[in-house]
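Below: one structure, written as structure tokens.
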Amino acid sequence: MGLQVATEPAASGWALWRRMRYWVIAHTVDDFYQGLVPAAVPFFVLERHYSYVAASGLALASTLGSSLPQPILGFLADRWRLLWLAPAGLTLAGVGAGLSGLAPSYPLVWALLLLSGIGVAAFHPAAGRDARQAAGASTTGMSWFAVGGNVGFFLAPALVTPALVAWGIGATAIFIPPAVFMGVVLWRHQQRRAAVAAATAVSDGSDRWVPFLLLSGVAVVRSIIFFGISTFLVLFWIRHLGAAKGLGGIALTTFMIGGVLGTLVGGRLADRFGAVRTIRIGSIAALPALILLRVAPNPEVGLALAVLGGVALNIPFAVLVKLGQDYLPRRPGTATGVTLGLAVSIGGFFAPVFGLIADAHGPQAVLTVLCVVPVVVIGLAFLLPEPRG
Numbered sequence: 064m065g066l067q068v069a070t071e072p073a074a075s076g077w078a079l080w081r082r083m084r085y086w087v088i089a090h091t092v093d094d095f096y097q098g099l100v101p102a103a104v105p106f107f108v109l110e111r112h113y114s115y116v117a118a119s120g121l122a123l124a125s126t127l128g129s130s131l132p133q134p135i136l137g138f139l140a141d142r143w144r145l146l147w148l149a150p151a152g153l154t155l156a157g158v159g160a161g162l163s164g165l166a167p168s169y170p171l172v173w174a175l176l177l178l179s180g181i182g183v184a185a186f187h188p189a190a191g192r193d194a195r196q197a198a199g200a201s202t203t204g205m206s207w208f209a210v211g212g213n214v215g216f217f218l219a220p221a222l223v224t225p226a227l228v229a230w231g232i233g234a235t236a237i238f239i240p241p242a243v244f245m246g247v248v249l250w251r252h253q254q255r256r257a258a259v260a261a262a263t264a265v266s267d268g269s270d271r272w273v274p275f276l277l278l279s280g281v282a283v284v285r286s287i288i289f290f291g292i293s294t295f296l297v298l299f300w301i302r303h304l305g306a307a308k309g310l311g312g313i314a315l316t317t318f319m320i321g322g323v324l325g326t327l328v329g330g331r332l333a334d335r336f337g338a339v340r341t342i343r344i345g346s347i348a349a350l351p352a353l354i355l356l357r358v359a360p361n362p363e364v365g366l367a368l369a370v371l372g373g374v375a376l377n378i379p380f381a382v383l384v385k386l387g388q389d390y391l392p393r394r395p396g397t398a399t400g401v402t403l404g405l406a407v408s409i410g411g412f413f414a415p416v417f418g419l420i421a422d423a424h425g426p427q428a429v430l431t432v433l434c435v436v437p438v439v440v441i442g443l444a445f446l447l448p449e450p451r452g
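Read in our numbering, the sequence shown has 367 at position 304, and its numbers run on one by one without any break.
The following block contains the structure:
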């Protein structure tokens with residue numbers, strides 16, 4: 064089955080939002096449960112007295128579940144429409160994460176978080192395929208879809224932490240209903256759209272695997288940078304810039320806000336200047352932005368530089384997803400599973416490497432290393448060919 068897209072010119076404004084709203088909201092809800100896990104892990108340590116190794120095992124369970132199955136599930140979504148896959152995956156993500164706080168034993172908690180991750184993995188390929196159909200030619204529409212995931216991950220600690228402080232780790236269960244409700248809403252939307260999708264023109268373009276592999280390399284390296292900064296930015300603020308803990312948290316928040324803005328800007332730029340050029344712009348902009356962040360003279364000036372770094376680093380984010388589908392028009396689910404799932408998650412596996420650097424030389428050394436990494440992204444970006452059609 065090929066990529067099905069709208070044949071009319073890209074919509075804008077309210078009309079585009081009406082086409083994308085289910086997918087934006089569903090992506091927000093789905094990725095909320097990815098953000099729930101790191102927010103809940105400290106409470107497993109405090110209440111269940113899990114060791115730090117055991118706690119890291121819970122994060123690993125979620126990461127493994129959400130990353131490794133995505134290419135396989137993308138292949139299945141490409142072979143059969145499986146309109147139930149995204150709603151079922153979203154529901155499983157919420158139920159698994161929500162029940163984890165009620166599970167009486169560590170192995171059961173681990174298994175539930177693994178299942179939650181698999182639910183996240185099931186959502187992304189099918190949702191990315193169908194969101195692209197709704198967006199048509201608009202990269203802006205796909206940037207909204209991508210931002211939905213950013214917002215969900217961003218909201219999780221803001222909502223989960225106060226609930227667990229007030230009611231304990233078992234309060235994860237109160238976050239099950241949104242997943243079930245949105246799963247039902249999305250399934251009904253899929254049923255209504257099924258007849259329309261069947262009548263939509265199909266792209267029979269050939270898949271271009273070499274450009275797609277280059278694009279996947281860009282996504283992986285970008286993810287490594289993002290995870291490195293996300294993990295060590297607070298420590299950099301506190302231990303190198305001498306900021307209070309609260310200001311360190313604000314720095315991470317401003318970086319994430321910059322990421323949301325960058326994703327939206329990237330969509331607009333791609334609609335105007337093209338996907339490949341936008342990826343190159345973002346890749347080049349990330350280099351000075353990260354250097355400026357590393358040499359921030361004080362915590363207050365650094366907040367503005369954190370926003371700038373988040374914007375520059377995330378300009379290519381949604382564009383990578385859409386361009387991956389352009390390179391693999393007959394396998395849009397597979398493309399999304401790699402660019403939005405596997406490639407993004409791989410960045411998390413490099414956290415221990417950065418941890419060794421930080422232990423030896425401090426968190427500022429991690430940011431120094433990350434200032435060099437964009438050179439790899441720039442090189443790969445300039446090897447990307449323009450999409451056909």
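Where a beta carbon is used, it is the ideal one built from N, C-alpha and C, also for glycine.
Counting C-beta atoms within 10 angstroms of its own C-beta, Ile-344 has 16 or more neighbours from the protein chains shown and is therefore classed as buried.
Residue environment: Asp-422 is assigned as exposed (fewer than 16 neighbouring CB atoms within 10 Å of its CB, all protein chains considered). Rounded to the nearest angstrom, the Cβ distance from Leu-121 to Leu-176 is 6 Å, consistent with a contact under 8 Å. Assignment of Ile-420 by DSSP, reduced to helix, strand and coil, places it in the helix class. The Cβ neighbour count for Ala-221, taken over all protein chains shown within 10 Å, is under 16; the residue is labelled exposed. The beta-carbon distance between Gly-329 and Ala-381, rounded to whole angstroms, is 6 Å. This is short enough to meet the 8 Å contact definition. In the three-state scheme derived from DSSP, where H, G and I count as helix and E and B as strand, Arg-357 is classed as helix. A buried status is given to Trp-86, since no fewer than 16 other beta-carbon atoms sit within 10 Å of its beta-carbon. Rounded to the nearest angstrom, the gap between the Cα atoms of Val-172 and Gly-159 is 9 Å.
The beta strand (DSSP E) runs of length 3 or more contained entirely in the region 135–222 do not exist; there are none.
The C-beta distance from Leu-391 to Leu-277 rounds to 13 Å, too long to fall under 8 Å, and the pair is not in contact.
Judged by their CB atoms, Gly-137 and Pro-188 are nearer to each other than the 8 Å cut-off.
DSSP, reduced to helix, strand and coil, places Ala-375 within a helical segment of the structure shown. Pro-241 sits close to Gly-157, with the two beta carbons spaced by under 8 Å.
Per DSSP, reduced to three states, the secondary structure at Ser-286 is helical.
Across the structure, Gly-233 and Asn-213 are spaced so that their CA atoms are roughly 25 Å apart. Shown here, Ala-234 sits in a helix according to DSSP, grouped into three states. Residue environment analysis places His-112 among the exposed positions, since fewer than 16 neighbouring C-beta atoms fall within 10 angstroms of its C-beta.
Residues Gly-410, Phe-413 of the same chain have their beta carbon placed closer than 6 Å to that of Ile-287, with the five preceding and five following residues left out of the count. A direct Cα-to-Cα measurement between Pro-362 and Met-319 gives close to 16 Å. If you look at Asp-270, you'll find it isn't in any alpha helix (DSSP H); DSSP assigns it neither H nor E. Ser-114 and Leu-155 have their C-alpha atoms spaced approximately 27 Å apart.
In this chain, the alpha helix (DSSP H) harbouring Gly-98 covers 76–111. For Pro-134 and Gly-396, the gap between their C-alpha atoms comes out near 8 Å. A direct Cα-Cα distance of roughly 43 Å separates Val-429 from Val-247. Spatial neighbours of Ala-229 in its own chain (CB-CB distance under 6 Å, excluding positions within 5 residues in sequence) are not present.
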